[in-house]
Structure formats: C-alpha cells, structure tokens
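These notes are about the structure you will find just below.
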Amino acid sequence: MNLDTPELRAFRQEVRDFFARELPEDIRGKVAEDRMDLPKEDQRRWHDILVKKNWAVPSWPVEWGGPGWDDARQYIYEREYALADAPRHMSYGINLLGKSMMKFGTEAQKTRFLTRIRNGDDFWCQGFSEPNAGSDLASLQCKAVREGEHYVVNGSKMWTSEGHVADWIFCLVRTDGSGKKQFGITFLLIDMKSPGVEMQPIWTYDGGGREVNQTFFTDVRVPVENRLGDENQGWNIVKYLLGIERFGTAEVSRSLAMLARLKRFAAGARHRGGRLIDDPAFSRKIAEVEIELRAVELTEMRLLFGGAPAGAEASLLKLRGTEVQGRILELLYDAVGSHAQVRIGDLEAAKGVPAGPNQARHAGTAFFNYRKTLIYAGSNEIQRNIIAKAVLGLRG
Amino acid sequence: MNLDTPELRAFRQEVRDFFARELPEDIRGKVAEDRMDLPKEDQRRWHDILVKKNWAVPSWPVEWGGPGWDDARQYIYEREYALADAPRHMSYGINLLGKSMMKFGTEAQKTRFLTRIRNGDDFWCQGFSEPNAGSDLASLQCKAVREGEHYVVNGSKMWTSEGHVADWIFCLVRTDGSGKKQFGITFLLIDMKSPGVEMQPIWTYDGGGREVNQTFFTDVRVPVENRLGDENQGWNIVKYLLGIERFGTAEVSRSLAMLARLKRFAAGARHRGGRLIDDPAFSRKIAEVEIELRAVELTEMRLLFGGAPAGAEASLLKLRGTEVQGRILELLYDAVGSHAQVRIGDLEAAKGVPAGPNQARHAGTAFFNYRKTLIYAGSNEIQRNIIAKAVLGLRG
Amino acid sequence: MQLSDEQNLLRDSIARFVDDEYEFSRRQKIVAVEPGFSRAHWRRMAELGWLGATLPESHGGLGGGAAEMAIVMEQFGRRLVTSPYLVSVVMSGTALAEAGDEAQKSRWLPAIAEGRIVAFAEGEAPARHDPAFVETAARRDGAGYVLDGAKHLVPFASEAEAFLVSARTGGAQAQSAGISLFLVPAKSPGVSLKPYRTHDGARAADLVLAGVRLGGDTRVGVEGEAFGAIELALDHAAAAMCVEASGAMWAVHDQTLAYMKLRSQFGQTLGSFQALQHRIVDVYIKCQLAQSMAWDAVAALDSADPTDRARRVSAAKAHLAGAAMAVGKEGIQLHGGIAMTDDLAIGHYFKRLAAIAHTYGDGEYHMERFRRLSGLGGNTG
Amino acid sequence: MQLSDEQNLLRDSIARFVDDEYEFSRRQKIVAVEPGFSRAHWRRMAELGWLGATLPESHGGLGGGAAEMAIVMEQFGRRLVTSPYLVSVVMSGTALAEAGDEAQKSRWLPAIAEGRIVAFAEGEAPARHDPAFVETAARRDGAGYVLDGAKHLVPFASEAEAFLVSARTGGAQAQSAGISLFLVPAKSPGVSLKPYRTHDGARAADLVLAGVRLGGDTRVGVEGEAFGAIELALDHAAAAMCVEASGAMWAVHDQTLAYMKLRSQFGQTLGSFQALQHRIVDVYIKCQLAQSMAWDAVAALDSADPTDRARRVSAAKAHLAGAAMAVGKEGIQLHGGIAMTDDLAIGHYFKRLAAIAHTYGDGEYHMERFRRLSGLGGNTG
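Chains as they are written, first to last, in the numbering used here: chain R, 549 to 944; chain U, 549 to 944; chain E, 138 to 518; chain L, 138 to 518.
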C-alpha cells in the first residue's frame, strides 16, 4: 500500500498541524522526557481535547464514535501522534477491551461501556497476570464462583498497569479447574469501587513513579451481566486480544520519537570541545540503530499492508521492536554521560538545582524501566516459541 | 602461577631463538598464509628438526622421549611455537593417542607405538565421527566382530582429518549393541595398509586443498593386541581424550599468531590514500577482538594454573576461543578487500600473476574453512550443554 | 513495494526457470567449466526479454524499472545463478542510459539487451570500495585519450565485448570531480586481462590498461563529471545485490529449517531442541528484515533525490551485509559438520553471501556513507 | 593473580562481614537514609585496618598493594556495599601517596586510614570521561590560588572533610599539561554542594567552587604536572570498579541460576528450558572472562610502565563495561517480570553495574584509549 498519495499527505499534514496547535506544551514536555508517571489530570485534559476532535479512539468505527479510519490513516495517525510527543492513549480501554467488546460483547455491554470509554468517563486497566501465572498465563488461579446472578471473586492479579488511575478492570478468572488449563477461564468486567477490591503499588527498581500494582479481590461480587463472552470460554478472547497487542507492542512510532530525541540531545550536548553528534564512534552507533529501526518499520508496513494477513509473524515485530527500543534508550543513557546516574526526583528537590540538561533527567529511569517491554505482553522468549511453532512448524 | 620468572624468561628466549634459526622459511611462509594443505614432506622435514632437538612431543614425559616439561614450559612452548608460524604438530598421534596410550595402553603397546610416534615414523589420524554420529558420538555404528585373535571391522568414519597422510588410524567401533549406547564401544588401532581400508577425500566448500576424508572399512582384520583398553569400555578413553582436546581447541596461541598477521597486514595494506590500520573504524574492530582474545587467554591461564583443577569449565575456552578466532579471520577477510574473493589456486596458475598481496591469498579459504572449529571436537552447542549440566547443574 | 500483475507473472516465469535449470548439482556443473555461466541460458534470457526488461523502449528494451531488475536478482539469489546480468545489464545499462549520447545508446543498449556483454569496470584494489578513489589515468591525446591503470575484480571480464572504465581526467586522487567514463573495446591494443575464478563460483579478472588509445567518441558523458552516473550504477548494483542476498538468505533459511526437521541426534530431530529453535527463529527474523530493507533499496532507485536514494541504498546494503554474514554463518553452524562438504549447497550460499557483503561497498563503507548522508558527525569519513 | 595466605584470610573476613551485614533487605535499609552508607560499618572497617590496608606503612597504613584493594572491592560488589572506600581510600589515597609532599601525606594519609573522607573530585560534565578536559581554573593569587569551576558527580561529597580537585593552572582546555591538583577543605569559603542520590543507591553531589582561596601548601605535586597522578588514581578507580563489577556479576549469575532452578512455568522449571540454559551459560562465560580481565587490571596497577598499566586497565574496563551491561540485562530478562520489582535484588545489581560501566571512563572511552595505546590508528582519538 502506498502511503504517499496526495490524500494521505494532506491527512498527515492535518494531523501534524492539530498536534502542533492543540497538544499542551507542559504535557508534551513531560512526555519528551520519557517520564513514567504522567498524572491522571494530564491524561484527562488531553483525552478531552481528542474527544472534541473525534480522535480519542482512532481505531474505532464510526458506529461507536470513532473516526472510522482505514489502516493507512490509523497508521499515519499513530506515527504522528508519537512524533508529536503526545502521551500514550489509555490503550487498555480503547484498543484491548474496546475492540474485544465490539467482537465478543452483548449489545447491552457495548451500549453501556463503549461510549464511556470513548468520552474518557471510564479509564480501564487489565487483570491478567498473577504471581504464578506470567509467561504461562493459562495457569491463572484467581477464582470466581457463581452465586445466583453474581460471580464471587477471590484472588489477586499482578502488574496492573495504571490500576491506580483506573475506574474499571477487566479480568481473567478461573471458573472451572477440572479440565485443560485453557478451559475454565472467564472474562469479567469489574468496577474498581466494588467492595473487596484493593490495590497496592508495586514499586519498580527503576526509581520512577507509581506505574504498576498488585490487585487483591476478596469476596468481590460481580454481576453476571458483566461477563464478556461465555463462561469458561475467556481464552478465546485472550487469543484475540493478544493478537491486537502483538502489533501494538512493536513500538515503532514511539521508538522513532525516542530516536529523534536522542539525535536532538546529541546535537545539543557538549562533548569536550565539540558536540556529541560529531563524535564518530557515537554517531556511528546512532546510525546503526537508525538502520535497525528502519528495518523493523519497513517490515511492519510490509506485514500490515502487504496483502497476505500477518498472524504469528507479527511476533517478530514485538521482539525486534522492543530490542531496538531498548538499544535507543541505552544510547540515550550513554549520551547523557554522568547525568544519567542522578535520581530524577532529587534534581527537583528544594535544595538542588537541576544538574544536567533537561532532556537528560529521565534517561536513567527510562532505560531501566523499559527493560519491561522485553518481558511483558508475552516475553521475547515466548515470542520466539510462537514463531518456532506457528510459523516454522517446529515442535518441542 | 607466575610465568615471568628469570628461568622461564630464559626458556622462552631459547625457544624463540630456536624457531628463528631452525624453522625453514618456505614452511613458515605457507603457515603464515593460513594454508590448509601443508604437504606431508614439509611436515616430516619439520618433525625431523624437532626430533633432533628432542622437542617433537612437548607434552610427553622423559620416559617416552619427551622433554618432560612442566605445565608452564609446555604453555610457553606452545605459545612461541604458534607465534613463530610453525606448522601444527601431528596432534592426533602426539596429544590424543599418545597420552591416551600412556594411560590406558599395555606395556607392549607403549613400547611398540610411542617411539614411532615421537620419531615421526608413524603419522596417526582419528576415526570417531560417522555420518549419523556427529554431536551424538555415542550412537556410532561402525562394527567390529571378534573372530579368534582378530576383530573384523565393517563400516565407515567421517571427517578423517589428515587421513590421506596418516599411516595408522585409531577408531571407535561397536562391539556390543545391546545396552546403553555408551557401552559396547571399543577402541582399536588400525594399520591403514590393512586390506579393506579405503579412503576417499571429502572436499570442503572452502576451496582449499585436501584436508578431511571418509574412511571405509570392509572386513578389515585387526589383531586383538591392537585394542586399547578393554572390550566394550572404549567410552572411558573417549572421555579422557575429549578432556585433552577441550583444552587444546581454545586455539589461543594460533589466534594470537593470526591477530599478529592481521595487524601486520593492516599496517602494510594500502587503504585509499593511507594505511588500513589508520582507519578508525577498522582499527577499532581490531582493538575489540584483541581485548576479547586477551580475555580468553587470561581465563585459560587462570583455569590451567589457578590451583583448582578445571574440568567441564574448560568447555568455555573451546567455545569462546573458536568464536574469537572466527572473528579474527573474518576481520582478515574484511581487510583483504576485493582480493578475498579470488580463489587461491588461480592466482598461481600459469596465465595469472598474483593479483593481491601475498598475505591476502588465503584469507577467503581460511575464513570459510575455520567455521569448522565451531563445530568439531564437540560443537559449541554441545559445549553449552556440557556447561549447563556439569557446571551449572541444570537438567533437561 | 507492491508488484503489478505483469511483474508477478515475470517473477513466476523466472522462478520456474531457475527451479528447473539451477537445481544445485546442475548449477555446480555450470560453474565448474568456463566461462562460469551458461551461455545457452544467457541467450534464452535475452530471447525472453529478461535482459532488456529494464532498458529503455527507445533502445531495444521493454522500459521496465527497478522492480523488474529486482525480480530477476531475487530469483537468481534463491538458486545461486551466475551470470553477467549485474555487471552488464544493471551497471553498464544504467550508466549508459543515464550518461551516454544518442550514438552510444543506439549502439550499445540494444546490444546489451541481446546479451552482448559490456562489463562495468570501476573498482581499484587500494580504493577499498570508494569509487572516488581512481588512480587509472586518462590523458588527452589530440581528439582522443590514452588510458593507463588497472581495475580489480571485473566480473566475467573474459566474456566482455567492451568495458565501461572510470578514469581520472583531472582532480586529486580521491576526489569525485575529475572522473570520466570511457567505453573501451575489449580488443583495443594495450588491454589485457588476468582472469581467475572467485570463491562464489563466478569468474572475474584484473583489467590492465597500458597506453590504451581511444577516440573522443568513447567518452561517456561530460569530461570529469561522470561521478554521478557511476554512483547511480553502483547504487543499482548495491540494490540488486541486496535483493539477490535476500533471495539467497531465504534459501539458507529454508534449507536449514528442512535439515533441522530431518536430522536426528540424541534420538530427536535437531528442530526439537529449543536452543536451536530460537536460533533458527533469529535467522527467520533476519530474513524478514533484510527482505524489507532490500526492497526499500530497490524502491529508492526511483527516487528523484540522489541523496535520498544513496542514503536508503546504503542503509540497506549496510544492513544486508551484516545480516547476510550472520545468516550464512548460522546456516553452517545449525547444519553442523555436513555443511563443510562441497557437495552440500549451504556452504556455497554462504560464499555467495560473503561475496555480496563485500562487493560494491562492504558493510563498513555503506554504514559510513549512510552516517555521513544522515547528518551524523559531518566532520569525518 | 595468586593470593597469599594472608590475603585469603582478609578475603574470608570481608566476605563474612558483608554476608552478615549486607543481606539485601539490610543493605536497602542502609541506603534508604542519609548519608547512604553505614557510618558504623565504616568505623569498624577503619578499626579492622581494612581502610589502611593499601596505604603506606610510613603513614598509618599496612603497606598492602593492589590485591588488598581488589579483595575489598570484589566483596563489596558481591553484596552491593555502598561506601566512600573508592573515592577516599583508593583514589585520594593513591594520588596523595604518589604526589603529595611529606606534610600532606603525614596529615592526610593517616586520616584516610582512620575513616576521615577526602573525596577525589576531577570529573566535569562536558568532559565526558576525559580527565584532561578541565575547565575549573586555578588562578595564582600571591603565594596561593583562587579556584573557580564545578565538578560533577563527586561520590559522598557531603561527608567529605576535603576534596582533591583538579584545576587548570595553564595549557589549553583539553590538554594534559597545565593541570594541577589541590587539597580543598570542605569548609573553605566559596565551596558549595548540590547533593543528590544516584540510581545505585549511593550519594553524590555537584561541587561548586566560586572564588575559593587556597594557600600554596594545598597544591599537591608540581604545578601543571598533576596529570600523571590523576591518571594513576583513575586507573586505580577503574581497576577497582572492574573487580567490584566482577563480584556483582557473579552475584547476578548466582541469583539468576538459583531462580531458574526454583521458578516453574508450563509445568517445568525455567532452568530446564534449553534455550534459557544456553543463555545462562553465556552469562556464566561472561562472568569468567570478566573476572580474568578485572584481576589483570589489578595486576597491571603494579606495572612499572605507565603505558602498560593504562593499556591493560583500559582493556579491562572496556571489556567489563560491555559484559556488565550484558549480564545485568540478561539477569533481568531471565528472571522475567518479577525482576522489575524494587524488592528484588537483581534490578539493583543491574543499576550498580550500569553505573560502574559508565563511571571513570565508559566503555567507549576506554576502548578508544586502549586502541590509541596499542598503536592502532594513531591519527585520531
């Protein structure tokens, strides 16, 4: 597919102009520093701006309040969105739950939930992983027992990203433990205000702000109408949803934005007598990662628009995409030099004045934090297993 | 252990002086080009020189005509030997069979065979691998049946290095197929002139000369006195012998010599207006591989002389040693530029004149040929398995 | 790059042709004897219009573009086809169409389409991939020129009717200004060859020019300003080699995967060992990414902006150089010992991939060119 | 490097000490509060003679050498011990013993052995690891000097009684000639700090010098000729960090291997998956090689030839920088998600390894230094 038609060029320009005009500078600044802990108020403020433009749920059809864009427009939008340093979409609600609900939800569920997601009335988070169910997701144990018109949920979920800013959580729970472990899993929508839901932060080693949580369920009563799909058949939804996630997690757009920031930093940073970007060894490393990222980008386009629909092949995008992203962040960490050692919070503390250039402040935390991307959404080892089995036809 | 004592310095100088004086220049020149196919006459000529000096079997005790050196002297000798561009020892006879025979042989066998090995009267080759027994050596099928005072051998062996210049071959044969596959293997010494022994060259893809062979045995009669160790117990000898091989195959000395040649070449080769060694990107790659080789060298010394005897840990030397060696040869291939594309023989053909510098002529063949080192003597994947199991205690 | 229906048809025809005629043992018979490629196949390719596919309709070609060239090269790569296609059609054809005058084009482009060989001869040994480093000198001699110098590794030179030779008519040793391009008939007095086989099974030669007298009409383009056309031809060659490499890498992948499913050790197939599975997965990923980059280089050939073209071609060639070496080595390693034999295809794919990685700019050269063209550290290289 | 019986005893004492006192959760409690290390432990180390182990017997030390320093640092690395040992004993102690006059040595070396802190302050932010890049200026003022400038990332600066500061008394911005070393009491007027925590749990500060007046007796060594002593101190620091990294890498290896034997997924332990086995084997190999290089750097500190010393130290630091990052990342990856939690040690080892890789010369800096000192491409860098 050709993205360079006059129509699409005009669309790209429209998107670019909109972001340049409407994205608040204070929010843009935080994103451009790779901060991990954007406040909920900033998220809401930005979401409201997008809602007014009808761009808050770019992957949705017109029917549910989306712009109804084709793949090319969605692709361009996502690219420009990232390059503008706009904050990540509240993706759990919009891309994962939203699209799963359109496929598996009842009309009542769609009517009730989708508009609220679009308008930013409900923020969602995801309750999949458990302490003993990480890569091996299907071995999950969080339990739901049917009692009349309710499920009663007991157990806990790990790695609830953005759980502390979410209003609802969609969960996988075990409703039958007798058969194959993929069977007996049910997909529930749970109001975070329900009695018995508790959330504790999981502090991460990178020293950034609160980002993930552990969620505990104690006799939480969930109305049966908040079940997505059939009882015990939740795994089908998971497979659909992981397919969505696998494409999103290539992170090409975000990596392009990070690479641009790396280059700006290297062009501005003092390096002995000159500029860092003029150091042949360092600029060579930038060139190498730029080429690698380009290879992932072109492959993503080929798999997305190449005719034959990509299935498990998309695993390679997640795998290489996160590896390349990790490399960009490592180069930024290198580039920042001794400033990278300083813990961010302390530079803003009363007694101190920022010691390093502004862009440098989050390089350490971002580098450490993003190691998660090689692990989450199916670790890169799991992605290799998927390709070995589903693409290459190899068996253990 | 300190190799820098006055005594050892004097020894090193003695060795160095001897090679400078006694190694024929024509032989040195061929080795320095990384030729794969040194003629047997050259081998013999050089071996005779070493015999006269009593240095032909440097790892042997005085009892059997060796110099009786300690580990430090053997280490220094091997290093200087390689740096002088002396041709490889006939290692199958000297290091593998010779030392195994000292441990497992009868007095009659030692008396009969060892002196002939030392004096270069017999060249030996090794018959271990088979078409269907490579990494999985114990699954070998070449069969020997006892008939009175003989074994009758039928089957074939792959990868018989130097088989076409050898007088004898030591072989693993199956004498019992009923039990665990490591059981029932017998170690036989076979005269290559025996009726029924045939040898065909295996031409390798690198375009070099004859180096390896497939050996066929048809009703070959081997006297029982030529069995090393007990019937069906050959696997014990194999384990001992592979232990010897694992240390030797780190190839540190040889790699140091190759690195020296790479540097000499880069300092002499024209590179646009200047010298290749002054190209920052290329000399950086030399620096990187030099450091990696140094890490392997220091680790070898630590494991050899570090007090605690090294066992399976030595696998890491073979593994990293061959990886680093492959990298040096790849850099030489890069360095040579377009000359590396030319097939060696053709430059010496009547109608042509060598197109490139002398040192460059074998760079292509050597690079392709040496990929074997990552495969033979237990592929590097097998070495990883050994470390995982024997050192780290991991189980499949 | 999306192929048209006609282009898909062309690809299918070539794929069928190479599958029929270049099964590995047949390919080995072809390269074993002189001239290192099949003259019969070469004639057939001319008759089928494949050689002229990319050449201008005005001069005996079919007016196709970079995609047609790439389709040919990818299939050649898949089956290790040797031929003068790259050096005559892709390189000389491109340079002549770009810089030749009407007389030169009328005479030589139809000849190339018919299968007569014009070998592009620009590389010199000490240049180490830099086409601006030209020591071969062309001295004015009345209306004509006298050429002296040597070119290294000219593919299939022994079969060439003429050479397109870069020579310095002015400027300093490594300057892009002052380089001219000449059509040198192979039979000219003073032209001699030192031929040899190359590791990949092909043939090449050193071309020696000793006082070669040429008429003024042999100069292609403006005196001293040929560098643009040379870079264009070299970018076409680099992109062509990228798709060839992509085809060969997929062949390595397919053969290795098939072998892993077949060969057993320790009572199970190689393909069932998880450590080896992850390694072949990395090969698969490298093939996918390399294919994307290779076809982007092809698309870049049509770019109106020479800097954009050069930058994308160099990105692809630098990427492919690394990937081709890595995939070749891994193909050998995953096969194990059997890969070392001359009878198995895998080693020959590796040798061709290594040659591609080091011809018309190695990885180092193109990485540095990409870096420079990307505004990274402008003060070196 | 073979250790003597006494050295083995010292290693065993320190190992026991850090095993007892620096179990991970206790370590975390220590770094959570100011000053980021345990003053009680620091006093005990002084009493046990560990701080003076490497300092000259003539000035309150025990006259040990590089090996004693390495024994301490390796054990500190194993348990992520934070302390001013590196910046005060190793760096300032070395520089003072090398370049100080008798009065300076008599006053400060015993003080350092007793646990009073002299922080070595040479790094400036734009220098990016090059100690010859010094913008801090020392201007002659009668018999004394006035210092102006800023030093970045001075470890445990808030606890220091004095700083050893490099400042330019002549020469150009990046020249090694013209650099002098000064002993600056922390309380001197014009000295101020901007303190912060670092990612590895330690403390550091920017040191700002604004018109700081010093007597002539504060200059350490000959005016403008301090670069040799600074490089000596930095080589000691780099070697010390190499052994610290080696200790920390082995800890990552051990913890990861233990976790792999414990944690089950898909009904089997992580350690039974062959692909993961090969990965932890690579970690193991990296630890072995790094340990060899680290101890060679330590041995090199006793070399009589400064070029040999510098070359071997830089080889080790360049190697360790790469290996430390690789092992740290792999430790995280092989653990999986749980590694991201602040409560597990593994991430904190990674942060310390990353800090080591980027302090007192990053991999890039030392690789380039090694290249230059090896006679490779003398015309750049």
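No residue lacks a Cβ here, since even glycine has one placed at the ideal position from N, Cα and C. All values derive from a computational prediction rather than experimental measurement.
Got a sec: is the Cβ-Cβ distance from E:Gly173 to anything in chain U below 8 Å?
Here residue 173 of chain E refers to the residue found at position 36 when the third sequence is read from its first residue. No - not a single Cβ of chain U is within 8 Å of the one on E:Gly173.
Rounded to the nearest angstrom, what separates U:Lys866 and U:Leu852 at their Cα positions?
In the second sequence, counting from the first residue as 1, residue 866 of chain U sits at position 318. In the second sequence, counting from the first residue as 1, residue 852 of chain U sits at position 304. So the two alpha carbons sit approximately 13 Å from each other.
Top-ranked residue by Cα proximity to R:Ala843, from E:Lys423, E:Ala437 and E:Ala436:
Against the first sequence, residue 843 of chain R aligns to sequence position 295. Looking at the Cα atoms, E:Lys423 is the closest of the given residues.
Can a CB atom of chain R be found closer than 8 Å to the CB of E:Gly408?
Along the third sequence, one-based indexing puts residue 408 of chain E at 271. Yes, E:Gly408 lies at the interface with chain R (some Cβ there is under 8 Å from its Cβ).
Closest residue to R:Thr708 among R:Leu720, R:Gly613, R:Ile876 and R:Tyr699 (Cα-Cα distance):
For the purposes of this step, residue 708 of chain R is identified with residue 160 of the first sequence, where counting begins at 1. Nearest of R:Leu720, R:Gly613, R:Ile876 and R:Tyr699 to R:Thr708, Cα basis: R:Leu720.
For L:Pro263, the three-state DSSP class (helix, strand or coil):
Numbered from 1 along the fourth sequence, position 126 holds the residue referred to as residue 263 of chain L. Three-state DSSP puts L:Pro263 in a helix.
With respect to the beta strand (DSSP E) encompassing U:His595, which residues constitute its N-terminal and C-terminal limits?
One-based indexing of the second sequence puts residue 595 of chain U at position 47. Where U:His595 is concerned, there is no enclosing beta strand (DSSP E), although the alpha helix (DSSP H) it sits in stretches over Lys588 to Lys601.
Closest by C-alpha distance to L:Ala311, when choosing among L:Asp337, L:Gly201, L:Gly198 and L:Val271
For this step, residue 311 of chain L is matched to residue 174 along the fourth sequence. By alpha-carbon distance to L:Ala311, the top candidate from L:Asp337, L:Gly201, L:Gly198 and L:Val271 is L:Val271.
What do you get for L:Leu513, buried or exposed, if any count of 16 or more other CB atoms within 10 angstroms of its CB means buried?
The count along the fourth sequence starts at 1 and reaches residue 513 of chain L at position 376. By the neighbour-count criterion, in which 16 or more other beta carbons inside 10 Å mark a residue as buried, L:Leu513 falls on the buried side.
Ordered along the chain, which non-local residues of its own chain (more than five positions away) have a Cβ less than 6 Å from that of E:Ala335?
Mapped onto the third sequence, residue 335 of chain E falls at position 198. Sequence inspection shows Thr at residue 335 of chain E; the Ala mentioned does not correspond to that position. Residues Ala341 of the same chain have their beta carbon placed closer than 6 Å to that of E:Thr335, with the five preceding and five following residues left out of the count.
Of the choices L:Gly307, L:Ala169, L:Ser162 and L:Gln139, whose alpha-carbon is the least far from that of L:Phe364?
Here residue 364 of chain L is taken as the residue at index 227 of the fourth sequence, counted from 1. The option with the nearest alpha carbon to L:Phe364 is L:Gly307.
Out of E:Ala476, E:Asp479, E:Gly200 and E:Trp432, which one is the CA nearest neighbour of E:His456?
On the third sequence, residue 456 of chain E is found 319 positions in, with the first residue counted as 1. Considering only alpha carbons, the answer is E:Trp432.
Whether E:Leu217 touches E:Tyr159 by CB criterion (8 Å):
If you number the third sequence from 1, residue 217 of chain E lands on position 80. If you number the third sequence from 1, residue 159 of chain E lands on position 22. It is a contact, given that the beta carbons lie within the stated cut-off.
Taking the alpha carbon of R:Gln730 as the reference point, which residue from R:Asn780, R:Met706 and R:Val700 has its own alpha carbon closest?
In the first sequence, the residue the question calls residue 730 of chain R occupies position 182. Minimum Cα distance to R:Gln730 is reached at R:Asn780.
Relative to the alpha-carbon of E:Ala357, which residue among E:Leu481, E:Arg506 and E:Glu239 has its alpha-carbon at the smallest distance?
The sequence position of residue 357 of chain E within the third sequence is 220, counting from 1. Residue identity differs from the one stated: residue 357 of chain E is Val in this sequence, not Ala. Among E:Leu481, E:Arg506 and E:Glu239, the Cα nearest to that of E:Val357 is on E:Glu239.
Out of L:Gly197, L:Val226 and L:Ser195, which one is the CA nearest neighbour of L:Ala203?
For the purposes of this step, residue 203 of chain L is taken as the residue at position 66 of the fourth sequence. Nearest Cα to L:Ala203 within the set L:Gly197, L:Val226 and L:Ser195: L:Val226.
For a quick check, are the C-beta atoms of E:Leu344 and E:Val291 less than 8 Å apart?
By 1-based counting over the third sequence, the position of residue 344 of chain E is 207. By 1-based counting over the third sequence, the position of residue 291 of chain E is 154. Going by C-beta atoms, E:Leu344 is nearer than 8 Å to E:Val291.
Taking beta-carbon pairs under 7 Å, can you tell me which members of the region 306 to 331 of chain L lie near chain R?
Residues Gln310, Ala311 and Lys331.
Taking buried to mean at least 16 other C-beta atoms within 10 Å of its own C-beta, is R:Ala914 buried or exposed?
Within the first sequence, residue 914 of chain R is the residue found at index 366, counting from 1. Its Cβ being crowded by 16 or more others within 10 Å, R:Ala914 is buried.
Does the region 922 to 942 of chain R come close enough to the region 366 to 377 of chain L to have 3 or more Cβ pairs within less than 8 Å?
With a cut-off of 8 Å on Cβ pairs, the region 922 to 942 of chain R is not in contact with the region 366 to 377 of chain L, counting fewer than three such pairs.
Which complete beta strand (DSSP E) runs does the region 603 to 684 of chain U hold, if anything under 3 residues is left out?
672 to 675, all fully within the region 603 to 684 of chain U.
Which residue's Cα is closest to the Cα of E:Leu471: E:Ile367, E:Val435, E:Gly173 and E:Leu407?
As a first step, residue 471 of chain E must be located in the third sequence, where it is residue number 334. Ranking E:Ile367, E:Val435, E:Gly173 and E:Leu407 by Cα distance to E:Leu471 puts E:Leu407 first.
Any idea what DSSP makes of R:Val884, helix, strand or coil?
Position 336 of the first sequence holds residue 884 of chain R. Note: R:Val884 maps to helix in three-state DSSP.
Here's the rule I'm using: 16 or more other beta-carbon atoms within 10 Å means buried, otherwise exposed. How should U:Arg812 be labelled?
Start at 1 with the first residue of the second sequence, and residue 812 of chain U comes out as number 264. U:Arg812 is exposed by the Cβ-count criterion.
R:Leu940 and E:Leu413: beta carbons closer than 8 Å?
Taking the first residue of the first sequence as position 1, residue 940 of chain R is located at position 392. Taking the first residue of the third sequence as position 1, residue 413 of chain E is located at position 276. Result no, Cβ atoms of R:Leu940 and E:Leu413 do not sit closer than 8 Å.
Of all the residues that make up the region 265 to 282 of chain E, which are near chain U by a beta-carbon distance shorter than 8 Å?
Against chain U - using a Cβ distance shorter than 8 Å - the residues of the region 265 to 282 of chain E are Arg265, His266, Asp267 and Phe270.
Do U:Val800 and U:Gly869 have their C-beta atoms within less than 8 Å of each other?
Position 252 of the second sequence, counted from the first residue, corresponds to residue 800 of chain U. Position 321 of the second sequence, counted from the first residue, corresponds to residue 869 of chain U. In contact: U:Val800 and U:Gly869 (Cβ atoms closer than 8 Å).
In chain order, which alpha helix (DSSP H) runs of at least 4 residues are fully inside the region 187 to 224 of chain L?
The region 187 to 224 of chain L contains these whole alpha helix (DSSP H) runs: 203 to 216.
Are the CB atoms of R:Ile839 and R:Ser831 nearer to each other than 8 Å?
What you label residue 839 of chain R is simply residue 291 of the first sequence in a count that begins at 1. What you label residue 831 of chain R is simply residue 283 of the first sequence in a count that begins at 1. Not a contact, by the Cβ cut-off of 8 Å.
Which residue spans inside the region 736 to 771 of chain R form an unbroken beta strand (DSSP E) run of at least 3?
Correct list: 745 to 750 and 760 to 771.
Counting C-beta neighbours from all protein chains within 10 Å, is the total for R:Glu773 16 or more, i.e. buried, or is it exposed?
Counting from 1 along the first sequence, the entry for residue 773 of chain R is found at position 225. So R:Glu773 counts as exposed.
C-alpha distance - R:Tyr629 paired with R:Arg564, whole-angstrom precision
The sequence position of residue 629 of chain R within the first sequence is 81, counting from 1. The sequence position of residue 564 of chain R within the first sequence is 16, counting from 1. Whole-angstrom Cα-Cα distance: 8 Å.
Residues, ordered as in the chain, of the region 748 to 779 of chain R that lie near chain L by beta-carbon distance below 9 Å
Of all residues in the region 748 to 779 of chain R, those with a C-beta nearer than 9 Å to a C-beta of chain L are Ile750, Trp751, Thr752, Tyr753, Asp754, Gly755 and Val760, reading in chain order.
Of all Cβ atoms in chain R, is any one closer than 8 Å to the Cβ of L:Lys488?
Mapped onto the fourth sequence, residue 488 of chain L falls at position 351. With 8 Å as the cut-off, L:Lys488 counts as an interface residue toward chain R.
Whose C-beta lies closer than 6 Å to the C-beta of E:Ala169 among residues of the same chain, with five residues either side of it excluded?
What you label residue 169 of chain E is simply residue 32 of the third sequence in a count that begins at 1. Result list for E:Ala169: empty, nothing under 6 Å.
Quick check on R:Lys833: does DSSP put it in helix, strand or coil?
Numbered from 1 along the first sequence, position 285 holds the residue referred to as residue 833 of chain R. Here R:Lys833 carries a helix assignment [DSSP, helix/strand/coil].
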